[in-house]
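Report on one structure; see the data block that follows.
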């Protein structure tokens with residue numbers, strides 16, 4: 005028992021009692037979900053200061069370019085993946101740093117054992133990161149440890165991926181989300197800081213902590229989808245932003261139901277939309293209070309007791325109609341399993357909707373593929389016999405692939421893209437598709453810094469409302485009796501709700517790095533080309 009109080013003995017004899025720990029709960033947005041793809045990744049070496057371990061949230065758009073640089077060094081990476089290129093890039097310059105220090109101290113007359121200790125004391129981690137990340141194009145928050153105990157946490161120049169940290173006299177800790185630190189260490193919101201874009205938090209083995217710039221920061225375009233869906237809603241900033249996203253939709257919703265609150269039921273799907281739903285209800289309640297105040301100020305004398313009672317009791321009808329199995333989360337399910345899962349995720353509460361009289365308003369955090377709506381939710385809630393079903397998205401239309409770490413990389417699966425292609429087809433505008441294909445193909449010959457996003461032209465002929473109307477048709481299953489309408493958040497309201505996270509490339513097509521434009525153009529070509537022949541696929545991927 006006395007050994008359990010001996011920290012030196014514990015560090016040497018018990019797992020996970022070291023002074024520097026690194027782990028990662030990985031959700032793979034690219035590549036395979038296998039043990040080989042689990043972080044951390046290790047680059048082993050017999051010399052302590054040449055050992056490197058990394059883990060993080062990152063996707064590089066220029067993996068081919070980075071691999072070519074490794075080939076030019078004479079390396080032969082075992083696979084074509086950004087995890088390998090990042091590990092080997094940092095590892096190469098770590099080796100360089102070691103060799104330069106070794107040569108320096110050898111000239112000064114130190115023996116090899118002494119040199120090992122000198123290198124450990126004088127490794128210049130910021131310089132290694134500056135040299136390593138010089139040509140990276142992507143979004144990343146990457147943690148790394150060197151075998152001697154030096155460690156770092158680095159964040160991309162646009163601040164695309166989140167990274168937070170806290171330190172005091174005893175600990176230094178970093179994570180991709182603030183609540184993880186608050187819960188684990190019982191610390192206050194104000195004590196948790198963000199790592200600045202283009203900077204790295206450096207922790208030396210002797211406990212020295214510093215924030216060092218390794219790349220010139222660009223315009224801050226932090227990922228807004230983190231705030232809408234991906235990050236935990238227990239972060240107070242994210243909680244408030246999600247409520248505001250819902251609140252800003254209330255005017256559109258009230259117009260859609262013709263301000264008829266008596267015959268409208270408000271609900272939400274899935275559970276991740278709950279906070280935005282509270283905001284939406286707040287917005288409707290604000291309208292109710294304004295309406296009541298206006299009537300009481302100007303028409304009070306005209307009201308009977310019954311009318312006054314009806315006015316004062318006016319309130320949004322809020323119900324939980326879609327009941328989700330919390331064990332199943334289809335957005336983060338592998339493609340092969342998603343269709344089978346969505347049919348079994350939801351059930352509904354019967355007896356609340358007035359048959360063929362009530363309008364059902366259901367708030368979703370976002371609509372990516374439309375699969376769950378078509379195959380499960382709309383089918384189920386239509387059994388309640390509403391007059392109309394209005395699906396509301398707290399996010400704008402997802403039109404373009406993400407290439408920085410969110411699982412929205414396949415443009416052909418986006419219901420908004422599907423809708424635009426169908427509208428072009430119906431209106432005989434095939435030339436637009438062919439022109440975009442030609443421009444995208446030509447752009448591949450340009451340096452990535454000169455490439456623009458030509459896929460924007462697919463959406464240009466249509467208003468957001470036209471695309472929303474087509475999406476409503478696409479996600480409506482055969483046999484649905486109720487009318488279905490879809491309402492999306494606007495980009496302007498998104499930026500108002502999330503003022504610090506204005507990265508919106510999946511909605512707007514405005515990518516934060518040059519590599520993003522190259523990725524979106526290549527994605528369009530892949531969809532359109534088989535064996536170099538122009539082929540337009542049937543994009544009705546979610547239609548029976």
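Numbering (the numbering used here), first residue to last: 5 to 548.
C-beta atoms are modelled at their ideal positions from N, C-alpha and C, and glycine is treated no differently.
{"Asked": "Mind checking which residues open and close the alpha helix (DSSP H) that includes residue 398?", "Found": "Here residue 398 belongs to no alpha helix (DSSP H), and DSSP marks it neither H nor E."}
{"Asked": "Determine the extent of the beta strand (DSSP E) in which residue 464 is found, giving its start and end residues.", "Found": "Counting along the chain, residue 464 falls outside any beta strand (DSSP E), and DSSP gives it neither H nor E."}
{"Asked": "Hey, residue 507 and residue 164 are a contact pair by Cβ (cut 8 Å); roughly how many whole angstroms apart?", "Found": "6 Å"}
{"Asked": "Distance, Cα to Cα, residue 17 vs residue 11?", "Found": "10 Å"}
{"Asked": "Considering only C-alpha positions, which residue in the set 67, 27, 101 and 73 is nearest to residue 51?", "Found": "101"}
{"Asked": "Threshold first: 3 residues or longer. Then list the beta strand (DSSP E) segments lying entirely within the stretch 267 to 313, N to C.", "Found": "268 to 272"}
{"Asked": "For residue 456, does the three-state DSSP call read helix, strand or coil?", "Found": "coil"}
{"Asked": "Can you find the residues in the same chain that come closer than 6 Å, C-beta to C-beta, to residue 418, ignoring five residues on each side of it along the sequence?", "Found": "402"}
{"Asked": "Quick check for students: name the residue ranges of the beta strand (DSSP E) that lie wholly in the stretch 16 to 75, counting only runs of 3 or more.", "Found": "45 to 47 and 56 to 64"}
{"Asked": "By the three-class DSSP mapping on this structure, what secondary structure does residue 78 have?", "Found": "coil"}
{"Asked": "Determine whether the beta carbon atoms of residue 392 and residue 363 lie at a separation below 8 Å.", "Found": "yes"}
{"Asked": "Taking C-beta to C-beta, are residue 524 and residue 436 nearer than 8 Å?", "Found": "no"}
{"Asked": "Could you tell me the alpha carbon to alpha carbon distance between residue 27 and residue 142, rounded to whole angstroms?", "Found": "22 Å"}
{"Asked": "Considering residue 520, what are the terminal residues of the alpha helix (DSSP H) in which it resides?", "Found": "518 to 532"}
{"Asked": "What number of angstroms, rounded off, separates the C-alpha of residue 219 from the C-alpha of residue 140?", "Found": "10 Å"}
{"Asked": "Considering only C-alpha positions, which residue in the set 159, 197, 367 and 414 is nearest to residue 172?", "Found": "197"}
{"Asked": "Who are the Cβ neighbours of residue 547 in its own chain at under 6 Å, not counting the five residues just before and after it?", "Found": "Residue confidence is low: residue 547 scores 32 on pLDDT, short of 50, so the model does not pin down where it sits. No coordinate-derived value is stated."}
{"Asked": "Around the C-beta of residue 133, are 16 or more other C-beta atoms found within 10 angstroms, so that it is buried, or is it exposed?", "Found": "buried"}
{"Asked": "Determine the direct distance from the alpha carbon of residue 356 to that of residue 273, and round the result to whole angstroms.", "Found": "16 Å"}
{"Asked": "Can the beta-carbon of residue 490 be found closer than 8 Å to that of residue 475?", "Found": "yes"}
{"Asked": "Take residue 147 and list the residues in its own chain whose beta-carbon comes closer than 6 Å to its own, dropping the five residues that flank it on each side.", "Found": "26, 59, 60 and 157"}
{"Asked": "Evaluate residue 530 with the Cβ neighbour count: other Cβ atoms within 10 Å of its Cβ, from every protein chain shown; 16 or more gives buried, anything less gives exposed.", "Found": "exposed"}
{"Asked": "Report the rounded CA-to-CA distance for residue 84 versus residue 90, giving the unit in angstroms.", "Found": "11 Å"}
{"Asked": "Can you grab the Cα-Cα spacing for the pair residue 211 / residue 461, in whole Å?", "Found": "53 Å"}
{"Asked": "Please give me, in chain order, every unbroken run of the alpha helix (DSSP H) with length at least 4 that falls completely inside the stretch 90 to 144.", "Found": "116 to 126 and 129 to 136"}
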